[in-house]
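In the order they appear, the protein sequences are chains A and Y.
Our numbering puts the first residue of the first sequence at 4, with every later residue one more than the last.
Our numbering puts the first residue of the second sequence at 4, with every later residue one more than the last.
Note that CB positions come from ideal geometry on N, CA and C, so glycine has one too.
If you're wondering where the values come from, they're calculated on a predicted model, not measured in any experiment.
Written below as structure tokens is the structure these notes are about.
Protein chains: 2
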Amino acid sequence: MELQPHKQPNEQSLPKEESKDFAPLININGEILPAEQAKISVFDRGFLYGDSVYEVTRTYNNIPFLLEEHLERLWFSAQQISLNIPLSKKELTLEIKKTLKEVKFQNCYIRIIVTRGEGEIGLDPNLATKGNFILIVKEQKENPSWWYKKGVELIISNTLRNPVNSLDPNIKSGNYLNNLLAMIEAKKLGAFDAVMLNKEGYVTEGTTNNIWLVKGQNVFTPPLEVGILKGLTRTSLINICKQDQIPCFEESFLPEKLLDADEVFITSSTKEIVPVTKINGHKIADGEPGVISKKLLNSYRRFIVNSCYN
Amino acid sequence: MELQPHKQPNEQSLPKEESKDFAPLININGEILPAEQAKISVFDRGFLYGDSVYEVTRTYNNIPFLLEEHLERLWFSAQQISLNIPLSKKELTLEIKKTLKEVKFQNCYIRIIVTRGEGEIGLDPNLATKGNFILIVKEQKENPSWWYKKGVELIISNTLRNPVNSLDPNIKSGNYLNNLLAMIEAKKLGAFDAVMLNKEGYVTEGTTNNIWLVKGQNVFTPPLEVGILKGLTRTSLINICKQDQIPCFEESFLPEKLLDADEVFITSSTKEIVPVTKINGHKIADGEPGVISKKLLNSYRRFIVNSCYN
Numbered sequence: 004m005e006l007q008p009h010k011q012p013n014e015q016s017l018p019k020e021e022s023k024d025f026a027p028l029i030n031i032n033g034e035i036l037p038a039e040q041a042k043i044s045v046f047d048r049g050f051l052y053g054d055s056v057y058e059v060t061r062t063y064n065n066i067p068f069l070l071e072e073h074l075e076r077l078w079f080s081a082q083q084i085s086l087n088i089p090l091s092k093k094e095l096t097l098e099i100k101k102t103l104k105e106v107k108f109q110n111c112y113i114r115i116i117v118t119r120g121e122g123e124i125g126l127d128p129n130l131a132t133k134g135n136f137i138l139i140v141k142e143q144k145e146n147p148s149w150w151y152k153k154g155v156e157l158i159i160s161n162t163l164r165n166p167v168n169s170l171d172p173n174i175k176s177g178n179y180l181n182n183l184l185a186m187i188e189a190k191k192l193g194a195f196d197a198v199m200l201n202k203e204g205y206v207t208e209g210t211t212n213n214i215w216l217v218k219g220q221n222v223f224t225p226p227l228e229v230g231i232l233k234g235l236t237r238t239s240l241i242n243i244c245k246q247d248q249i250p251c252f253e254e255s256f257l258p259e260k261l262l263d264a265d266e267v268f269i270t271s272s273t274k275e276i277v278p279v280t281k282i283n284g285h286k287i288a289d290g291e292p293g294v295i296s297k298k299l300l301n302s303y304r305r306f307i308v309n310s311c312y313n
Numbered sequence: 004m005e006l007q008p009h010k011q012p013n014e015q016s017l018p019k020e021e022s023k024d025f026a027p028l029i030n031i032n033g034e035i036l037p038a039e040q041a042k043i044s045v046f047d048r049g050f051l052y053g054d055s056v057y058e059v060t061r062t063y064n065n066i067p068f069l070l071e072e073h074l075e076r077l078w079f080s081a082q083q084i085s086l087n088i089p090l091s092k093k094e095l096t097l098e099i100k101k102t103l104k105e106v107k108f109q110n111c112y113i114r115i116i117v118t119r120g121e122g123e124i125g126l127d128p129n130l131a132t133k134g135n136f137i138l139i140v141k142e143q144k145e146n147p148s149w150w151y152k153k154g155v156e157l158i159i160s161n162t163l164r165n166p167v168n169s170l171d172p173n174i175k176s177g178n179y180l181n182n183l184l185a186m187i188e189a190k191k192l193g194a195f196d197a198v199m200l201n202k203e204g205y206v207t208e209g210t211t212n213n214i215w216l217v218k219g220q221n222v223f224t225p226p227l228e229v230g231i232l233k234g235l236t237r238t239s240l241i242n243i244c245k246q247d248q249i250p251c252f253e254e255s256f257l258p259e260k261l262l263d264a265d266e267v268f269i270t271s272s273t274k275e276i277v278p279v280t281k282i283n284g285h286k287i288a289d290g291e292p293g294v295i296s297k298k299l300l301n302s303y304r305r306f307i308v309n310s311c312y313n
């Protein structure tokens, strides 16, 4: 049986002030605002230079999933670009909880953004005085069921992933044009997303997700050294493979190995585990979501249930 | 004689409402606002992803310098990331002039930003409906005279410039973390700015400027192929060299050639031509601004006078 921990409430159970409750709420430096009032200065360096770091998580059953791990990574990203986060992890957690209280949903999307703040225009980071934090909280709608039932199509993009010694993909920052260029290629070809390679030609990751393949009984995902984000769903899934006694390898591979795989899937906090059934117009195996992908999705959702529903 | 076309007005000639006139004015989609009211939505993709393009120019004698060329490049950058600019060049020029009219300065800094706009959060560019344009106009203060008299210090950064096949440095976008990481290195070492190399080890450019060296009577600057922005001051200066019969070569070179140069200088629209007298703590020649750099600055300022004051 497929668990569905993030099932939406049905129509009848919706609160009365429907539109208000569905609208996103934004917390800017502690002040909670509706979307239309949620604005930041054009002098904010997040706007001028993408000089910001961020995380995306979601709630299941009102509980922010893996929040500690997300905050840990936010602080890591900030440290990599010498950005001071203007509050402590404890304070930020309280701000998240304060904002969630105002939203009536069990399943929320949470985006946490911290910018270097405002100042005289100029690249010198010392021109900014104090960072700004922004929380965007909105309903996390259930992902389209066809993603899981039919699988999605990817392309291998011509845009190479940023190299580690230029802008490390392990920094989750406000600079997403590299990924966006790959996404634009995908959308032009009618695909769901793009897989990016590094300059040596190895597979790195999707534009906002990690990528995996199954060959025989073995699961493979690129190692951190190829230049990828250390995905939290990725880490969880490596552990789940261990528990489920599915051999899982962090190994570099070329795109040909994806095309020749028995199964391919992508992972992210909001997508969970989405099967990939086509790459560059080429069917993966029989073009149907594979059994190991499904098994792992079930195990992952059981992990969510154990974390948030017990 | 050193020309000073961007001389500040003296105290006596200042208009009465000093603070108001000194304050930046911001034009957001046609509406002119003071800085404290100039805000954009946190859902703007320029803020979320650095999904924007920009240009910086300045006025001399109330005339926006090389405006046509800047707009040409803005449209080029936008085209590279499939971003639709929501108005024509003519309309944008009128908006710039409209904003400049409200500012009482002869010498203004003008930042033109165009974002992909707002929409549902997600990397897919089709989620945004209509772009936003933002003009930031403020006083262009005279650059510190020591830059030109003493020269500035650079470092060779460990952060490599983004490769062309990841995010082309010739796209002037809202993604500046790569350059910012190099700038952070420079500031930690007390330097003015950083020179970035490409992955082959060749010199590319400064974080927001082009770089040049003089050896004997010859001037060298990296060619576009190493992965740099096609600077407008760079183009102007190549032409000036021709007119002044100074041999000028667009040639790849290693950082050693900078250290061993007779003169080094950097160029940008707002910096004009700034001599570099130290790199990585090592004096360039005798550690004083060189004669060819000075000669070129005079020729460049004469070019400005001819363009904007006649």
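Residues within the region 46–59 of chain Y neighbouring chain A, beta-carbon criterion of under 9 Å | The region 46–59 of chain Y vs chain A, Cβ under 9 Å: F46, D47, R48, G49, F50, L51, Y52, G53, D54, S55, Y57 and V59.
In this structure, does DSSP put P226 of chain A in helix, strand or coil?
-> P226 of chain A sits in coil when the DSSP states are folded into three classes, being neither helix nor strand.
Residues of its chain near D171 of chain A, where Cβ-Cβ distance is below 8 Å and the 5 sequence neighbours each way are ignored = The residues are Q83, N165 and G230.
Could you pull out every unbroken beta strand (DSSP E) segment of at least 3 residues lying fully inside the region 160–237 of chain Y, listed in chain order?
-> Within the region 160–237 of chain Y, the complete beta strand (DSSP E) runs of at least 3 residues are 196–200, 206–209, 213–218 and 221–224.
Compare the beta carbon distance of N212 of chain Y and K274 of chain Y with 8 Å and say whether it is the shorter of the two.
-> A contact, by the Cβ cut-off of 8 Å.
Is DSSP giving G49 of chain Y helix, strand or coil here?
-> DSSP places G49 of chain Y in helix when its eight states are reduced to three.
Do we get a CB-CB distance below 8 Å when we pair G120 of chain Y with the residues of chain A?
-> Chain A, which has no Cβ nearer than 8 Å to the Cβ of G120 of chain Y, makes this no.
In chain Y, which residues lie less than 7 Å from D127 of chain A when you measure between Cβ atoms?
-> Taking the beta carbon of D127 of chain A as reference, the chain Y residues within 7 Å of it are M186 and K190, listed in sequence order.
Are M186 of chain Y and D127 of chain A touching if we call contact CB-CB under 8 Å?
-> Yes; because the gap between Cβ atoms is below 8 Å, this pair is in contact.
Taking the C-alpha atoms as reference points, what is the distance between S302 of chain Y and I276 of chain Y?
-> Each residue's Cα considered, the two are about 10 Å apart.
Taking 8 Å as the threshold, find out whether the region 25–32 of chain A comes into contact with the region 134–150 of chain A through three or more Cβ pairs.
-> Yes, the region 25–32 of chain A touches the region 134–150 of chain A.
Please list the segments of the beta strand (DSSP E) lying wholly inside the region 82–170 of chain A, counting only runs of 3 or more residues, in order along the chain.
-> You should have 111–118, 135–142 and 155–159.
Answer yes or no: do P89 of chain A and G134 of chain A have a C-beta to C-beta separation smaller than 8 Å?
-> Inclusion of P89 of chain A and G134 of chain A in the CB contact set at 8 Å is warranted, their separation being smaller than that value.
Mark N110 of chain Y as exposed unless 16 or more other C-beta atoms lie within 10 angstroms of its C-beta, in which case mark it buried.
-> N110 of chain Y comes out buried.
Kindly identify the DSSP beta-bridge partner or partners of I29 of chain Y.
-> Residue pairing from DSSP places I29 of chain Y in a beta bridge opposite Y:L36 and Y:I139.
Leaving out the 5 sequence neighbours to the left and right, which residues in its chain are closer than 8 Å to F68 of chain A when beta-carbon positions are compared?
-> Taken in chain order, the residues that qualify are T60, R61, T62, S272, I307, S310 and C311.
Within the same chain, show all residues whose beta-carbon is closer than 6 Å to that of K152 of chain Y, passing over the 5 residues directly before and after it, in chain order.
-> Contacts found: none.
Specify the secondary structure class of I43 of chain Y as computed by DSSP and reduced to three states.
-> I43 of chain Y: strand per DSSP, three-state reduction.
What separation, rounded to the nearest whole angstrom, lies between the Cα atoms of S169 of chain A and N313 of chain Y?
-> Inter-residue distance for S169 of chain A and N313 of chain Y is about 45 Å (C-alpha atoms, whole angstroms).
Shortest alpha-carbon distance to Q143 of chain A belongs to which of A:F108, A:V294, A:V117 and A:L240?
-> Taking each of A:F108, A:V294, A:V117 and A:L240 in turn and checking the Cα distance to Q143 of chain A, the smallest one comes out for A:F108.
Contact with chain Y by G204 of chain A, beta-carbon distance below 8 Å = Output row for G204 of chain A: interface = no.
Straight-line gap, I243 of chain Y to L235 of chain A (C-alpha atoms, nearest Å) | Between I243 of chain Y and L235 of chain A, the C-alpha separation is close to 55 Å.
Hey, E280 of chain A and W215 of chain A are a contact pair by Cβ (cut 8 Å); roughly how many whole angstroms apart?
-> Reading off the sequence shown, one finds Thr at residue 280 of chain A, where the question assumed Glu. Here T280 of chain A is actually not in contact with W215 of chain A; their C-beta atoms are around 14 Å apart, not less than 8 Å.
Rounded to a whole number of angstroms, what is the C-alpha to C-alpha distance between L26 of chain A and Y57 of chain A?
-> With the sequence shown as reference, residue 26 of chain A is identified as Ala, and Leu is not the correct amino acid for it. A26 of chain A and Y57 of chain A: Cα-Cα distance of roughly 21 Å.
Spatial distance of V106 of chain A from E34 of chain A (CA atoms) = Roughly 14 Å separates the two Cα atoms.
Does T210 of chain Y come within less than 8 Å of chain A when only Cβ atoms are used?
-> Flagged as an interface residue toward chain A: T210 of chain Y, by a C-beta distance shorter than 8 Å.
With 16 other CB atoms within 10 Å as the buried threshold, where does L257 of chain A fall?
-> When all chains shown are included, L257 of chain A counts as exposed.
CA-CA distance, E266 of chain Y and K190 of chain A?
-> Linking E266 of chain Y to K190 of chain A through their CA atoms gives a straight-line distance of about 48 Å.
Cβ-Cβ distance between V222 of chain Y and L157 of chain Y below 8 Å = Taking 8 Å as the Cβ cut-off, V222 of chain Y and L157 of chain Y do not qualify as a contacting pair.
Among A:L227, A:I241, A:K93 and A:G154, which one has its Cα closest to the Cα of A288 of chain A?
-> It is A:G154 whose Cα lies nearest to the Cα of A288 of chain A.
On the three-state DSSP scale, how would you describe S239 of chain Y?
-> In the three-state DSSP reduction, S239 of chain Y falls in the helix class (H, G or I).
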